[in-house]
Structures are given as structure tokens and as C-alpha cells.
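Residue numbering for the sequence shown follows the working numbering, beginning at 108 and increasing consecutively.
The C-beta atom is built at its ideal place from N, Cα and C for all residues, glycine as well.
Computed from a prediction, not measured in an experiment: that's the story for all the values here.
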Amino acid sequence: MEVIKANPESVSEIFDKIYVIPEYQRPYSWDEEKCEDLWNDIKGQYEENKENEYFLGTMVLIKKDNVFEVIDGQQRLTSLMLLLRALYDHHQFKGIERKMYIFDSLSDDVDKSKIKIESKVIEQNKEDLFNIISEDGASLDSKKYF
């Protein structure tokens, strides 16, 4: 059995990975209030202390090939992905694309049909949530979550 290792990472490093949420996980359940709390917490910490690190919480992952299976932390991870999408929609930061979507390292093209997080537990009524992150759902109002 492999030893569990704690690796502090930046948000940028977190989104350099590809994730899958296994089907045994509960569906995404954060409501608008919980998302707003996360956003206010991040924003408040940045405004108060721009130089210091900030603890976003833990995530437990199992690496299989180059994909990380999310054992714990999927609510926060999904919410952070939604936040990135909202920031992208609002500011059109091109650099965010590489954090949200899989890109071809040879051509340097971003494939907006392939997001870096996949849920195997999506209920029909929650499917819109992941469509928001993908380009297909760009017409949906991601700001309703952030």
C-alpha cells in the first residue's frame, strides 16, 4: 500500500492536472451560498494579504496514468472550476483556457470540448453545471454560481 503524501500546491498547479470524479462519489451539491462563501473567502484573503499563501483545503487524489481520481475535495474543485469559467467569461483571460481545457502540446491548440474535470456521477439536473465549464455551455449564465 502506498503512503499518502501531502503536497502543497498553488491553484495554478492544481489546474495543470486532469481530474475524474468516480461514480461512487456524491453528485455536486454546493448551492449559491456555499459558492459565494468560497469566493468571498478567496477574495478577502487576497485583498488582506497578497503575499502570503492561503489554505484552500485538502484534496485526496489517486493518480492513474496522467489522470487524477478525486477521492475527496470534488465539491471545492468543481466550484473552483466554475469560478475559473466565470472569470474567463467576465475578463476573457486567454491564459485561463489552459487551466480549464486540455490542449495539444504539439500544436498548442486548446480543445474546448475537453475540460479537465469529468464527473461520472452527474445527475440529469446537475449536467448543466459541467456544461457551464465546457464551451458547449458557454451560453449558460455561469455567474448564477459566482
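In chain order, what residues of the same chain lie with their CB nearer than 6 Å to the CB of Asp254, ignoring the 5 residues before and after it?
Residue 254 cannot be examined here, being either before or after the span of the chain that is shown, 108 to 253.
Does the distance from the C-beta atom of Ser186 to that of Lys141 stay below 9 Å?
Looking up residue 186 in the sequence shown gives position 79. Looking up residue 141 in the sequence shown gives position 34. Yes, these two residues count as a Cβ contact at 9 Å.
Out of Glu143, Asn159, Arg133 and Asp138, which one is the CA nearest neighbour of Val177?
As a first step, residue 177 is located in the sequence shown; it is residue number 70 there, counting from the start. Nearest option by C-alpha distance: Arg133.
Pull up the CB-CB distance for Leu194 and Tyr126, whole angstroms please, since I reckon it's below 8 Å.
Position 87 of the sequence shown, counted from the first residue, corresponds to residue 194. Position 19 of the sequence shown, counted from the first residue, corresponds to residue 126. Contact flag wrong, Cβ pair sits at about 19 Å.
Assuming Lys150 is part of the alpha helix (DSSP H), what are its boundary residues?
By one-based count along the sequence shown, residue 150 stands at place 43. Counting along the chain, the alpha helix (DSSP H) containing Lys150 begins and ends at Glu139 to Glu155.
Give me the Cα-Cα distance between Trp137 and Glu154, rounded to the nearest whole angstrom.
Position 30 of the sequence shown, counting from 1, holds the residue named residue 137. Position 47 of the sequence shown, counting from 1, holds the residue named residue 154. Computed Cα separation, rounded: 24 Å.
Let me check one thing: in DSSP terms, what residues is Leu256 bridge-paired to?
In the structure as shown, the chain begins at 108 and stops at 253. Residue 256 is therefore absent and cannot be evaluated.
Taking the CB atoms as reference points, tell me whether Leu189 and Val118 lie closer together than 9 Å.
By 1-based counting over the sequence shown, the position of residue 189 is 82. By 1-based counting over the sequence shown, the position of residue 118 is 11. The answer is no: Cβ separation not under 9 Å.
Measure the beta-carbon distance from Ile128 to Gln181 and round it to whole angstroms, keeping in mind my assumption that it falls under 8 Å.
Numbered from its first residue, the sequence shown carries residue 128 at position 21. Numbered from its first residue, the sequence shown carries residue 181 at position 74. With a Cβ gap of about 5 Å, Ile128 and Gln181 count as contacting.
Identify whether Val259 lies in helix, strand or coil by the three-state DSSP scheme.
Outside the displayed span of the chain (108 to 253) sits residue 259, for which this structure offers no information.
Ile169, buried or exposed, once every other Cβ within 10 Å from all chains shown has been counted against 16
What you label residue 169 is simply residue 62 of the sequence shown in a count that begins at 1. It counts as exposed.
As a quick exercise: from Pro115, Ala113 and Phe122, pick the residue whose alpha carbon is nearest that of Asn173.
By 1-based counting over the sequence shown, the position of residue 173 is 66. Nearest C-alpha to Asn173: Phe122.
Alpha helix (DSSP H) segment containing Glu160, residue limits
One-based indexing of the sequence shown puts residue 160 at position 53. Here Glu160 belongs to no alpha helix (DSSP H), and DSSP marks it neither H nor E.
Rounded to whole angstroms, what is the Cα-Cα separation between Glu143 and Tyr161?
Here residue 143 is taken as the residue at index 36 of the sequence shown, counted from 1. Here residue 161 is taken as the residue at index 54 of the sequence shown, counted from 1. Taking the straight line joining both Cα atoms gives about 17 Å.
What do you get for Tyr135, buried or exposed, if any count of 16 or more other CB atoms within 10 angstroms of its CB means buried?
Walking along the sequence shown from the start, residue 135 turns up at place 28. Buried, since its Cβ has 16 or more Cβ neighbours within 10 Å.
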